[in-house]
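Here the structure comes first, spelled out in structure tokens, and everything after it is commentary.
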Amino acid sequence: MSKKVLIVGGVAGGASVAARIRRLDGQAEVIMFEKGPNVSFSNCSLPYHLSGIVENADSLVLMDPEQFRNQYDIEARVNSEVLKINREEKNVLIRNVESGEEYTESYDKLFLSPGANAITPRSIEGITSRHVFTVRNVVDIRKLQSYLLENKVENVAVVGGGFIGVEVAENLKMAGRNVSLIEALDQIMAPFDYDMAQILHKEMMDNGIDLILSDGVKAIHDSEVELSSGDRVKAEAVVMAIGVSPETSLAREAGLEIGVTGAIKVDHNYLTNDPDIYAVGDAIEVFHKLTGKPTRLALAGPAQRQARAAADHMYGIPHNSNGVIGSSVVRIFEINAASTGLNEKNLKAAGMSYDFVYVIPGDMVGLMPESQPMHFKLIYEVPTGKIIGAQAIGKGNVDKRIDVIATMITMGGTLEDLKELELCYAPPFGTAKDVVNFAALVGLNILYGRYRQVPVTRVRALVEEGAFIVDVREPHEYSRGHLKSALNIPLSQIRDRIDEIPKDQTVYLHCRSSQRSYNALLALQNAGYDNVVNISGSYLGISLYEYFNDVKLGREKIVTAYNFR
Numbered sequence: 032m033s034k035k036v037l038i039v040g041g042v043a044g045g046a047s048v049a050a051r052i053r054r055l056d057g058q059a060e061v062i063m064f065e066k067g068p069n070v071s072f073s074n075c076s077l078p079y080h081l082s083g084i085v086e087n088a089d090s091l092v093l094m095d096p097e098q099f100r101n102q103y104d105i106e107a108r109v110n111s112e113v114l115k116i117n118r119e120e121k122n123v124l125i126r127n128v129e130s131g132e133e134y135t136e137s138y139d140k141l142f143l144s145p146g147a148n149a150i151t152p153r154s155i156e157g158i159t160s161r162h163v164f165t166v167r168n169v170v171d172i173r174k175l176q177s178y179l180l181e182n183k184v185e186n187v188a189v190v191g192g193g194f195i196g197v198e199v200a201e202n203l204k205m206a207g208r209n210v211s212l213i214e215a216l217d218q219i220m221a222p223f224d225y226d227m228a229q230i231l232h233k234e235m236m237d238n239g240i241d242l243i244l245s246d247g248v249k250a251i252h253d254s255e256v257e258l259s260s261g262d263r264v265k266a267e268a269v270v271m272a273i274g275v276s277p278e279t280s281l282a283r284e285a286g287l288e289i290g291v292t293g294a295i296k297v298d299h300n301y302l303t304n305d306p307d308i309y310a311v312g313d314a315i316e317v318f319h320k321l322t323g324k325p326t327r328l329a330l331a332g333p334a335q336r337q338a339r340a341a342a343d344h345m346y347g348i349p350h351n352s353n354g355v356i357g358s359s360v361v362r363i364f365e366i367n368a369a370s371t372g373l374n375e376k377n378l379k380a381a382g383m384s385y386d387f388v389y390v391i392p393g394d395m396v397g398l399m400p401e402s403q404p405m406h407f408k409l410i411y412e413v414p415t416g417k418i419i420g421a422q423a424i425g426k427g428n429v430d431k432r433i434d435v436i437a438t439m440i441t442m443g444g445t446l447e448d449l450k451e452l453e454l455c456y457a458p459p460f461g462t463a464k465d466v467v468n469f470a471a472l473v474g475l476n477i478l479y480g481r482y483r484q485v486p487v488t489r490v491r492a493l494v495e496e497g498a499f500i501v502d503v504r505e506p507h508e509y510s511r512g513h514l515k516s517a518l519n520i521p522l523s524q525i526r527d528r529i530d531e532i533p534k535d536q537t538v539y540l541h542c543r544s545s546q547r548s549y550n551a552l553l554a555l556q557n558a559g560y561d562n563v564v565n566i567s568g569s570y571l572g573i574s575l576y577e578y579f580n581d582v583k584l585g586r587e588k589i590v591t592a593y594n595f596r
């Protein structure tokens with residue numbers, strides 16, 4: 032007897048469930064319900080319509096109901112809102128949003144993939160105004176773009192510095208509008224640590240985004256936004272992108288269990304506490320591989336894998352759930368930024384023991400004209416050396432490096448494993464000792480106590496405290512910009528001028544990216560110095576870390592001039 036399967040939600044999770052069921056079972060009756068007018072659309076590509084990169088909003092829709100029917104024999108009912116689940120009768124109540132007609136549909140198995148809702152706090156005065164928008168689907172992006180064009184909007188405020196907020200701000204700016212990005216936290220892009228986020232802040236500022244941090248929105252008026260600080264920002268249109276909350280109303284009303292994160296609780300096969308109801312996607316909580324705790328992860332890749340696993344389970348196909356680690360990538364104007372695993376904020380909250388290295392090698396052989404520095408932060412567990420996170424920012428292939436680390440994390444890899452990892456090499460693609468190998472070697476040196484380091488976050492305090500800092504770059508580099516308190520002793524002169532370096536106090540060393548200062552440190556250690564410390568990230572890292580706050584806060588610089596290359 033063929034199964035009758037109903038699916039609530041028709042985007043990444045729901046559409047993937049439907050397609051997998053049809054591949055496994057040619058006889059099953061599969062009906063998919065979507066509240067909006069579109070199924071199977073590319074929600075990750077929505078912001079790119081605002082700049083014209085995706086010229087036609089219709090192209091965001093990947094498949095229509097007719098294609099689902101003709102190609103897969105799947106019935107996709109759009110403009111159909113599922114109002115209620117009757118678990119005892121095994122049916123759902125549906126309302127046609129165009130006609131208002133309500134009817135029931137029975138099921139053998141039910142899959143929930145309702146997604147998440149944009150958070151729009153009612154505490155913000157003016158939040159329901161007609162010039163306030165969210166970006167969750169094709170209808171949303173059409174409404175926003177139409178409003179901007181029809182009203183000749185010049186000033187737009189984007190509220191929220193996550194993926195959607197940053198991408199919307201970028202594409203609005205590319206379209207020639209004045210854009211303010213408002214974030215209540217002290218940084219954008221939460222997957223990145225504060226030190227790495229400063230690179231992103233500079234990129235936004237350099238491209239004309241008015242980036243406002245550590246300030247929330249109090250009220251939205253007709254042509255401006257009033258901030259919690261009392262400042263006002265010009266805005267004839269406002270895009271709210273402060274986050275999403277899982278859509279759990281159907282599940283709650285049906286008595287399905289809700290987890291500690293506020294999302295639908297499922298087992299490793301994505302079954303709810305009802306043996307005939309599965310749930311996948313943004314609405315569920317998932318197991319985090321590294322913390323061992325439930326979490327939420329609103330990403331398309333995991334949603335599609337969950338959908339396949341849930342459909343497989345219905346047909347008795349086993350699935351081994353490894354948990355999630357949260358791998359992601361974003362492009363912000365001319366730089367790319369990717370991350371995976373846990374960051375420092377996560378680790379401190381979890382009480383885990385860790386350390387990290389921050390290196391800035393070239394993303395390919397320096398002779399190649401496209402070669403650029405890559406800022407790479409590798410986080411590992413102490414004392415095991417197990418790799419638990421990484422962040423990479425640069426103009427080159429950061430996704431490639433983070434994908435390598437994501438694989439290592441998934442396989443339980445350590446710094447020793449990463450050191451020996453054999454990767455592709457040719458001058459236009461990387462270096463013989465790739466960025467990730469290089470980071471592993473530095474990590475092992477720190478883990479095994481071969482030398483000590485301090486992060487760029489500590490340098491301002493060192494300068495203000497009058498610490499003894501040695502800049503080992505060449506004089507012509509030093510003359511173009513240096514730490515105000517640093518003594519210039521080039522690596523080429525370090526042995527001849529060793530008497531200028533005290534043994535009775537801690538000496539901090541830096542160069543451009545920490546490699547020459549590492550060699551200087553070893554030379555001093557070999558000469559009997561046991562109080563030398565390398566500044567991780569060195570002058571390039573210091574410049575990028577300090578710049579945004581120097582400009583925004585108008586504070587005194589600790590450098591005579593910045594160096595960003």
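Note that this note's numbering has the sequence shown beginning at 32, numbered continuously upward.
Note that beta-carbon positions come from the ideal geometry of N, C-alpha and C, so glycine has one too.
In the DSSP assignment, I424 is bridged to A368 and H406.
Three or more Cβ pairs closer than 8 Å define a contact, and the segment 419-439 meets that threshold against the segment 220-229. The segment 231-241 and the segment 123-141 do not touch, with fewer than 3 CB-CB distances between them shorter than 8 Å. Here M94 carries a coil assignment [DSSP, helix/strand/coil]. Taking P325 as reference, the option from P333, V355 and N351 with the minimal CA-CA separation is V355. Of the candidates A50, L93 and G57, the residue whose Cα lies closest to the Cα of V70 is L93. Taken through DSSP and simplified to helix, strand or coil, Y411 comes out as strand. If you look at N122, you'll find it isn't in any alpha helix (DSSP H); it sits in the beta strand (DSSP E) that goes N122 to N127. Between the alpha carbons of D262 and T322 lies a distance of about 40 Å. The beta carbon of H162 is closer than 6 Å to those of A268 in its chain, skipping five residues each way along the sequence. Contiguous beta strand (DSSP E) elements confined to the segment 182-246 occur at 186-190, 209-214 and 241-244, taking only those with 3 or more residues. Of the candidates E129, A50 and N87, the residue whose Cα lies closest to the Cα of N101 is A50.
A direct Cα-to-Cα measurement between T445 and E129 gives close to 56 Å.
Taking 8 Å as the upper bound for CB-CB distance, A188 and V256 are in contact here, some 5 Å apart.
The three-state reading of DSSP puts G45 in helix, counting H, G and I together.
DSSP, read as helix, strand or coil, puts N519 in strand. In the structure shown, M271 falls within a strand segment according to DSSP collapsed to helix, strand and coil. When secondary structure is reduced to three states using DSSP, D343 falls in the helix class. The continuous stretches of alpha helix (DSSP H) do not include F387, which lies in the beta strand (DSSP E) extending over residues Y385 to V390. When secondary structure is reduced to three states using DSSP, F64 falls in the strand class. 8 Å or more divides the Cβ of V210 from the Cβ of I243.
The alpha-carbon separation between H344 and N300 amounts to approximately 6 Å.
When the beta-carbon positions are compared, V467 and I440 stay at least 8 Å from each other. When the five nearest sequence neighbours on each side are left out, the beta carbons in the same chain lying within less than 7 Å of the beta carbon of N122 are those of T135, E136, S137 and Y138, in order along the chain. Positions of the alpha helix (DSSP H) runs, each at least 4 residues long and wholly inside the segment 276-357, are given as 280-284 and 331-345 in order along the chain. Taking F407 as the centre and dropping the five residues before and after it, the same chain places the C-beta of V390, A423, V466 and A470 closer than 6 Å to its C-beta, in chain order. Per DSSP, V396 is not a residue of any beta strand (DSSP E), being assigned neither H nor E. Rounded to whole angstroms, E214 and V396 show a C-alpha spacing of 38 Å.
Looking at the DSSP output, I363 shares a beta bridge with I366. Straight through space, the alpha carbons of E531 and H507 are spaced by roughly 20 Å. Note on geometry: alpha-carbon atoms of Y549 and G497 lie some 22 Å from one another.
Ranked by Cα distance from I477, the first of E447, D502, V490 and A463 is E447.
With a cutoff of 8 Å on beta-carbon distance, L449 and I418 are scored as near each other. S33 counts as exposed, since fewer than 16 other C-beta atoms from the protein chains shown sit within 10 angstroms of its C-beta.
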